[in-house]
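**Q** Provided herewith is a single structure, encoded as structure tokens, for subsequent inquiry.
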Amino acid sequence: MSDWNDLVSRILATEAGAARTMIAIAGPPAAGKSSISERLRTALAGEGAEILPMDGFHYDNAVLDQLGLRQRKGAPQTFDFDNFELTLRRVRDSTASVAVPTFDRPLDLSRAGARLIVPATRYVIVEGNYLLLDRAPWSGLARLFDLTVFLTAPRAELERRLLKRWTDLSYPDEYAVAKVRGNDMPNVDLVLEHSMPADVTWEAG
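Be aware that the sequence shown starts at 1, since it is given in UniProt numbering, and climbs by one per residue.
Structure (structure tokens):
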């Protein structure tokens, strides 16, 4: 699928299995998940929509240092999965306000309580790399979503975007290349090769 109106119509026609309609926007790093999610929030504003980003559940760098995982930040094991799953269930099954974290990329840290899912929120757009990963415990998340969307793009294009991401943040070229090849692209390959089929596949431009 690549038609925007068709995607929005598909979401509006989705019946919720709980208090709120949960929409998963999955895909590899740099596929455009955040941009699509923001567009969807705007398109669904009249219905009440908010974003719940998986990146907000990164372990803090101090914890990653303790675990020896700082160089693999962004890999599945560098996220607080249990807290993420608990938050998804809480948001899905309750109409109360729920504060959720976001990730500040320039500061490289999560910001607790940075976004609020208010009672009027009907659609919750959950975006993240591993929402459809076919490995436990991530594979259990799929049942929490009413509709799943997988964003994809050519591998070479994803690598280009990732390099630009880091250089745009003023990281030296050598550091950016090492980070992309040593960490980001292995995460890209994991998502591309080990994600379960989605209800909708979106070819990111």
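Built from N, CA and C at the ideal position, the CB exists for glycine as well. Being a predicted model, the structure only gives us computed values, none of them experimental.
Does Val63 come out as helix, strand or coil in the three-state DSSP assignment?
**A** Helix.
**Q** Please name the residue in Pro186, Leu163, Asp168 and Asn187 whose C-alpha comes closest to that of Val177.
**A** When each option's Cα is compared against that of Val177, the closest is Leu163.
**Q** Rounding to the nearest angstrom, what Cα-Cα distance links Arg165 and Glu47 in this structure?
**A** If you take the alpha carbons of Arg165 and Glu47, they lie about 33 Å apart.
**Q** Does DSSP put Ser94 in a helix, in a strand, or in coil?
**A** Residue state, collapsed to three classes: coil.
**Q** Considering only residues of the UniProt domain "Phosphoribulokinase/uridine kinase" (22-153), which uninterrupted beta strand (DSSP E) runs meet the minimum length of 3 residues and lie entirely inside it, listed in chain order?
**A** Within the UniProt domain "Phosphoribulokinase/uridine kinase" (22-153), the complete beta strand (DSSP E) runs of at least 3 residues are 49-53, 98-104, 109-117, 123-128 and 147-152.
**Q** Any idea if Gly128 is buried or exposed, counting beta-carbon neighbours within 10 angstroms, 16 or more meaning buried?
**A** Gly128 is buried by the Cβ-count criterion.
**Q** Straight-line CA distance for Ile51 to Tyr123?
**A** Those two C-alpha atoms are separated by around 9 Å.
**Q** Considering Cα atoms alone, identify which of Arg92, Leu67 and Thr201 is closest to Asp80.
**A** Comparing Cα positions, the closest option is Leu67.
**Q** Between the alpha carbons of Gly32 and Trp4, how many angstroms are there, rounded?
**A** Rounded to whole angstroms, Gly32 to Trp4 spans 14 Å at the Cα level.
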